[in-house]
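Data block below; observations after.
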Amino acid sequence: MAEAREWIFSPQRIIVRFNIFRTPPSTHMPRPHVIVNLAMSADGKLSTRERRQVKISGKEDFSRVDALKAGCDAIMVGIGTVTADDPSLTVKSKDLIASRRARGLEDHPVRVVVDCQARIPLDASMFRKGSGTKVIACCEDADPRRCRALSGVAHVIAVGKGSVDIVAVLSQLYDMGIRRIMVEGGGTLIGSFFERNLVDEYITFIGNMIIGGKEAPTPSDGRGFIREDTFPSLTLFAVERMDHGVLLHWMVKKNESG
Ligand SMILES: NC(=O)c1ccc[n+]([C@@H]2O[C@H](COP(=O)([O-])OP(=O)(O)OC[C@H]3O[C@@H](n4cnc5c(N)ncnc54)[C@H](OP(=O)(O)O)[C@@H]3O)[C@@H](O)[C@H]2O)c1
Numbered sequence: 640m641a642e643a644r645e646w647i648f649s650p651q652r653i654i655v656r657f658n659i660f661r662t663p664p665s666t667h668m669p670r671p672h673v674i675v676n677l678a679m680s681a682d683g684k685l686s687t688r689e690r691r692q693v694k695i696s697g698k699e700d701f702s703r704v705d706a707l708k709a710g711c712d713a714i715m716v717g718i719g720t721v722t723a724d725d726p727s728l729t730v731k732s733k734d735l736i737a738s739r740r741a742r743g744l745e746d747h748p749v750r751v752v753v754d755c756q757a758r759i760p761l762d763a764s765m766f767r768k769g770s771g772t773k774v775i776a777c778c779e780d781a782d783p784r785r786c787r788a789l790s791g792v793a794h795v796i797a798v799g800k801g802s803v804d805i806v807a808v809l810s811q812l813y814d815m816g817i818r819r820i821m822v823e824g825g826g827t828l829i830g831s832f833f834e835r836n837l838v839d840e841y842i843t844f845i846g847n848m849i850i851g852g853k854e855a856p857t858p859s860d861g862r863g864f865i866r867e868d869t870f871p872s873l874t875l876f877a878v879e880r881m882d883h884g885v886l887l888h889w890m891v892k893k894n895e896s897g
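Here my numbering is used: the first residue of the sequence shown is 640, the next is one more, and so on.
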């Protein structure tokens, strides 16, 4: 892998970008390019142990995330995040929405929730706020009445038993024309993406606080990895001082099953 560095210095800002040549994409089943983006405390927590959403980054990171979202075809979260935060998952900037419209796109990327039992409330923010396509990915044994009710407000995909088959979901999203998806969390969903080698880029804003608590969610929860040779391996792409913290942008190295 060849590497060159670009440094940008100013008193408040240090940006280092590493120009890396990426491994060619694998020839496996087509799926969208997956970007995980999250904010965590300096001790690696996504929220408090009560799973209460907290402010970790600032205005600059908020705008960056909004632009990233606007540049994606879809955004995905797990039902744990909907239960905890009830996010609308919409693009906030009027300029970014206007630029999406000018490109012939819906105002917001397709909003996707991974939710085994299709238990997302029909009055969740993502159904009330913003126009555009929503997708609920549930398990095959989800209550058919819940699926029917949700089909009035979203496209329902039923794949997998016990947990949603995210490989199949990504494949169906690809068939819907989605080429670039941002996965926003939480830790359980991101853990599943890493376990299946489905992450291409991993972007973390690290804030200037300690949240603590061994029960507090972290970026890749779930079962975790045991052997070093199975750890997903990353290549640093950019480091940037931002708000009162730092932004790290990693590329995920692909192994043969990727
Ligand atoms: N700081 C940040 O950037 C950020 C971003 C997002 C979220 N968060 C925080 O993260 C916390 C929520 O995270 P979380 O880990 O509890 O929930 P989550 O990752 O949002 O959702 C996980 C749930 O999704 C469902 N699911 C179905 N199929 C799955 C699959 N294949 N893989 C993974 N999950 C699957 C499962 O619930 P069912 O079995 O019931 O379907 C699972 O418990 C909240 O505290 C929120 O504030 C922080």
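Glycine included, C-beta positions come from ideal geometry on N, C-alpha and C.
Asked	Found
What three-state label does DSSP hand E854 in the structure shown?	coil
For T662 and D839, what's the separation of their Cα atoms in angstroms?	Low confidence applies here, because T662 scores a pLDDT of 47, under 50, leaving its location unreliable and the question unanswered by this model.
How many whole angstroms separate the CB atoms of G717 and L828, which I take to be in contact at a CB cut-off of 8 Å?	4 Å
Once you ignore the five residues that flank R758 on each side, which residues in its own chain have a CB closer than 8 Å to its CB?	I718, R785
What is the C-beta distance between D705 and K684, in whole angstroms, given that I count them as a contact (C-beta under 8 Å)?	Going by Cβ atoms, the distance from D705 to K684 rounds to 23 Å, so no, they are not a contact pair.
Output needed for A807: all residues of its chain with C-beta closer than 6 Å, excluding positions within five of it in sequence on either side, in chain order.	V798
Determine the closest residue to M765 out of P783, T722, K733, with distance taken between C-alpha atoms.	T722
Can you tell me where the beta strand (DSSP E) with K708 in it begins and where it stops?	Premise fails: K708 lies in the alpha helix (DSSP H), 698-709, not in any beta strand (DSSP E).
Here's the rule I'm using: 16 or more other beta-carbon atoms within 10 Å means buried, otherwise exposed. How should N894 be labelled?	exposed
To the nearest angstrom, how far is the alpha carbon of S702 from that of A855?	26 Å
Starting from the C-beta of P671, find all residues in its chain whose C-beta is less than 8 Å away, skip the five residues before and the five after it, and write them out in chain order.	D712, A713, L809, L812, Y813, I817, R818, R819, I820
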